[in-house]
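In this note's numbering, each residue's number is its place in the sequence shown (first place is 1) plus 4.
Glycine residues also receive a C-beta, built at the ideal position from the N, C-alpha and C atoms.
As structure tokens, the structure follows; a few thoughts come after it.
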Amino acid sequence: MALSNYTWTFDPIVTAFPHTVFPNVALWNVTNGIDLNYQVQVSWPLTWTSRDEANSTALTMYVLDGNALGMTATEGWRRRLAVEPSQPDSIVVSIGYPITDSVYGAQRSIDFQPVTPGEDPPAAPGVREGADDFIAFLEGTLRPFVHFKFPNVNFGREGLYGHSFGGLFVVYALLRRPDLVDTFMSASPALFWNDKYMLNHTSWLDDAPLPPSSTKPAFRLAYGGLEQYPVRRRTETDDEYQFRKDLFATFAMTDNCHALYDLLRNNCKLRDIELKEYAGSDHASVAAVALTDGIDYFVDW
């Protein structure tokens with residue numbers, strides 16, 4: 005059965021997995037029937053016998069690029085329980101796309117692209133700026149759907165994790181909507197985008213809405229030490245290594261992350277900000293380690 009929420013439709017991909025295959029995981033195809041399509045994966049604690057678990061309290065972690073990171077997040081929470089038996093229950097909601105040829109959907113260029121008020125969209129990636137629409141989807145459509153599916157759960161704090169262009173979206177959401185979730189986690193954000201546009205608009209946070217009853221959000225920013233300063237690979241020629249160094253220098257991940265941290269570290273709208281460098285990690289590998297470490301940061305409040 006499909007559940008419609010305004011113009012959005014949620015269609016289950018499978019009725020149920022065998023109990024020993026992807027236990028306590030469900031997936032839906034989600035569409036607005038026009039131009040936006042998602043594959044949403046939701047997982048819940050293995051100790052719950054069903055989504056109707058009574059009198060439970062859970063944290064919720066929303067994870068972007070779900071095809072690449074959804075199961076990483078689910079397994080991260082479940083592995084952590086073995087060494088942190090007192091950790092709170094959690095529901096992981098990952099937002100991906102109905103794709104088969106990659107773990108990164110082209111639609112992310114729309115969903116994660118910040119809005120540039122009063123300016124034309126930048127030439128790259130050359131699509132409409134959909135970040136505000138995506139925030140509206142998370143807040144007004146996806147969150148109510150998740151709550152509907154867990155009718156007896158008391159929902160506690162929420163976190164949002166994104167990497168790369170998804171990490172840029174997390175930064176945008178923090179600056180524009182610091183009340184959206186409790187904890188914002190951004191790994192290797194594409195801060196070079198549009199001539200470092202986000203670094204030049206951190207003042208948005210000063211004017212952003214934060215209701216008096218709201219808790220100030222926390223922000224964790226992470227990046228890999230090899231993203232700006234790569235180590236030569238054994239099989240690389242001199243020219244290949246130089247090309248890679250020159251390319252990575254244009255992204256300036258280390259410099260840009262430190263610049264963002266310095267711009268926000270004393271902002272009164274934040275209750276905490278953390279900057280973490282992962283030595284030995286590149287752009288791909290840091291996505292997973294920053295996510296699993298981000299769970300610790302999210303839980304520890």
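query, result
"Pairwise C-alpha distance: Phe21 and Pro27", "7 Å"
"Alpha carbon of Thr219 to alpha carbon of Asp250, nearest angstrom", "42 Å"
"Three CB pairs or more closer than 8 Å across the region 227 to 238 and the region 196 to 205", "no"
"Inter-stretch contact (C-beta, 8 Å, three-pair minimum) for the region 79 to 95 and the region 128 to 139", "no"
"Contact set for Pro216: own chain, Cβ-Cβ below 6 Å, skip 5 residues either direction", "none"
"Coil, strand or helix - Ala86 by DSSP", "helix"
"Best match in Val175, Ser94, Val29, Phe252 for proximity to Ile277 [C-alpha to C-alpha]", "Val175"
"CA-to-CA distance, Asn59 to Leu274, given in whole angstroms", "31 Å"
"Whole-angstrom distance between Pro102 and Val18, CA atom to CA atom", "14 Å"
"Counted within 10 angstroms of its Cβ, other Cβ atoms place Asn71 as buried (16 or more) or exposed", "buried"
"Arg180 beta carbon less than 7 Å from that of Trp208", "yes"
"Burial state of Val25, where buried means 16 or more other Cβ atoms lie within 10 Å", "exposed"
"Span of the alpha helix (DSSP H) around Leu295", "290 to 303"
"Proximity of Leu295 and Thr76 at Cβ, strictly below 7 Å", "yes"
"Proximity winner among Trp32, Ile38, Arg55, Asp39, relative to Gln4 (alpha-carbon distances)", "Any question about residue 4 goes unanswered here, given that the chain covers just 5 to 305."
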